[in-house]
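Asks: First residue of the sequence shown: 758, per the numbering used here; consecutive thereafter.
By construction, the Cβ of each residue, glycine as well, lies at the ideal position given by its N, Cα and C atoms.
Keep in mind the model is a prediction, meaning the values are calculated, not measured.
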Amino acid sequence: MSKDMKNVNNWHWVDKNCFNWSKAYFEETLTNVSSSKNGASVKITGITSFTGDVDVNQRKGKIITIFDVAITLSFEGTTADGTEVTGKIDIPEVAHDTDEEDYVFDVTIDGENNSKRPIRDLIRTDLSTKLRELLYGFADTLIKTHGKDVQVESDFSRSSTPTPAAASPSVSVPSAAKSPANTAGVVNTTTLEESLELHATAHDIYDVLLNQDKVRVWTRSSSSTIEPKVGSKFSFFGGNVTGEIKELVEDKKIVQSWRLGTWATGHYSTVTMELSQNTNSTVIKFKQEGVPVGEQDTTRQNWSNYYWNEIKRAFGYVRLSSSSSSSSSPQSAPSSPSTKKKRRHRRGVAKAGGAGSGSVGMYAGAGLAVLTAFALGFWFSKK
């Protein structure tokens, strides 16, 4: 692949979902926080609800956090006269742009009456201060713990010279590292998901991905090898993409182990492609698990540029629509309430569906297919 497809100098947007880690962090940090005064005492007993989003992001070499969560804490306490009190504290917003003095603590006391009032006052005047300090320090801890996972090391930022395909017109292909590859140890990974629609039958797509003769056409390489058999290994683009067939369901499903030559030695992702036949097209539900953090942009572009676009050029399978659930865009972190609401709305819409764009008209697709077929015939006649 070309240099501009690498995350050179950590230029591209890279993100890591830290929701589960954050939930565990707050459970450990906030549980047992306590206060006592004038004979009354109260302590946090646990987290009963934790919702929202927590991400660490890197763009242009700068690491930032974008998070917005709501937390509900349970507590128990005892008044000076021995009355036992239980209840909950709702913290509706803990966000990257929340100032320390802006945290809100909504206290609910079970069976509240005047005798339990001292516990509410103790939470408001003392316990809440301790909670504010812990909540406000979360962003720094998050960056210190996970920032390194989105800062791509120099070994992964290097570029390499494109390798021309054998006995074919030259074409830029995914290039393997020319220096010794990293040894696979603990590799932080992410998942790519995409849904795309091609103007072709499920059988045609299944065949073009597994038929060695057709693979050699769209990879433009006579050295590409593959066999439609579970357990068989494949190699594309001069060995720069390799893997093994793990599962096959004819015209419906393909599962592969898959790796780029630039990845740590021995590390493979798992690619699953599910084909759904429609009346005049096929939807490919694509999922790739185990992509190294920092390599997702490169990997996504490889699939688009060297698989789907080349298949379209070679066989006229026009892409009608495409949507991806793993792409993300840089966002600012304003502090105004109206902007926060807009940010949450955008995030909610993304979670609700992430549907792809509308289909291109069938006549336009057919016309492009004819032009592509004509160009392909001309290309082969020149060989």
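1. With I823 as the anchor, note down where its alpha helix (DSSP H) starts and where it stops.
2. I need the DSSP call for W1020, collapsed to helix, strand or coil.
3. How is A1090 classed by DSSP in three states: helix, strand or coil?
4. Could you tell me the alpha carbon to alpha carbon distance between C775 and R889, rounded to whole angstroms?
5. For C775, which of helix, strand or coil comes out of DSSP?
6. Looking at the strands, I want to know which residues DSSP matches up with P1049.
7. CA-CA distance, E784 and Y893?
8. Contact between the region 781-799 and the region 870-879 is defined here as three or more beta-carbon pairs at a separation below 8 Å; is this criterion met?
9. Who are the Cβ neighbours of D961 in its own chain at under 6 Å, not counting the five residues just before and after it?
10. Assuming P875 is part of the alpha helix (DSSP H), what are its boundary residues?
11. In terms of DSSP beta bridges, what is Q969 paired with?
12. Determine the closest residue to R973 out of Y1064, E1001 and V1028, with distance taken between C-alpha atoms.
13. In whole angstroms, what separates the C-alpha of N777 from that of K905?
14. Over what stretch of residues does the alpha helix (DSSP H) that includes F994 continue unbroken?
15. When the Cα atoms are used, what is the spatial distance from T1055 to S779?
16. Should Q1053 and L949 be called a contact, given that it needs their Cβ atoms to be closer than 7 Å?
17. What's the gap between the Cα of D897 and the Cα of G1073?
18. Please state the DSSP three-state secondary structure of T958.
19. Opposite K1003 in the DSSP bridges: which residues?
20. Would A837 be called buried (16 or more neighbouring beta carbons within 10 Å of its own) or exposed?
21. List the residues that DSSP assigns as beta-bridge partners of K800.
22. Give the C-beta separation of S981 and E1001 to the nearest angstrom, bearing in mind that I take them to be a contact with Cβ-Cβ under 8 Å.
23. Between V826, N1037 and R1057, which has its C-alpha nearest F1043's C-alpha?
24. Is the beta carbon of A959 sitting closer than 7 Å to the one on L1032?
25. Rank E984, F994, V987 and K990 by C-alpha distance to the C-alpha of S978 and give the top, closest one.
26. Let me check understanding here. Comparing Cα to Cα, which of N1037, Y1025 and N968 lies closest to G1047?
27. Give the secondary structure of T982 by DSSP, where H, G and I count as helix, E and B as strand, and everything else as coil.
28. Would you identify the three-state DSSP class for A924, choosing helix, strand or coil?
29. Taking buried to mean at least 16 other C-beta atoms within 10 Å of its own C-beta, is G844 buried or exposed?
30. For V861, count neighbouring C-beta atoms within 10 Å of its own C-beta (all shown protein chains included) and say buried if the count is 16 or more, exposed if not.
31. Use the C-beta contact count for T855: other C-beta atoms within 10 angstroms, 16 or more gives buried, fewer gives exposed.
32. Using three-state DSSP, classify S932 as helix, strand or coil.
33. In this structure, how does DSSP classify T840 when only helix, strand and coil are distinguished?
Replies: Per the coordinate set shown:
1. Where I823 is concerned, there is no enclosing alpha helix (DSSP H), although the beta strand (DSSP E) it sits in stretches over K819 to T835.
2. coil
3. The predicted position of A1090 is uncertain, since its pLDDT is 36 and thus under 50; a value taken from the coordinates is nonetheless stated next. Residue state, collapsed to three classes: coil.
4. 21 Å
5. In the structure shown, C775 sits in coil (DSSP, three-state: anything other than H, G, I, E or B).
6. T946
7. 15 Å
8. yes
9. none
10. R874 to L879
11. Q969 is not bridged to any residue.
12. Y1064
13. 18 Å
14. Element bounds for F994: n/a, residue is neither H nor E.
15. 28 Å
16. yes
17. Across the structure, D897 and G1073 are spaced so that their CA atoms are roughly 51 Å apart.
18. Reduced to three states, the DSSP call for T958 is coil.
19. Looking at the DSSP output, K1003 shares a beta bridge with no other residue.
20. By the 10 Å Cβ count, A837 comes out exposed.
21. S791 and E833
22. Contact flag wrong, Cβ pair sits at about 15 Å.
23. The closest CA to that of F1043, considering only V826, N1037 and R1057, is found on R1057.
24. yes
25. F994
26. Of N1037, Y1025 and N968, the residue nearest in Cα terms is Y1025.
27. strand
28. Any reading at A924 needs caution, since the residue's pLDDT is 37, under 50, leaving its predicted position unreliable; the model's value is listed next. Reduced to three states, the DSSP call for A924 is coil.
29. buried
30. exposed
31. buried
32. Bear in mind that the predicted position of S932 carries a pLDDT of just 42, short of 50, making it unreliable; the figure below should be weighed with that in mind. Reduced to three states, the DSSP call for S932 is coil.
33. coil
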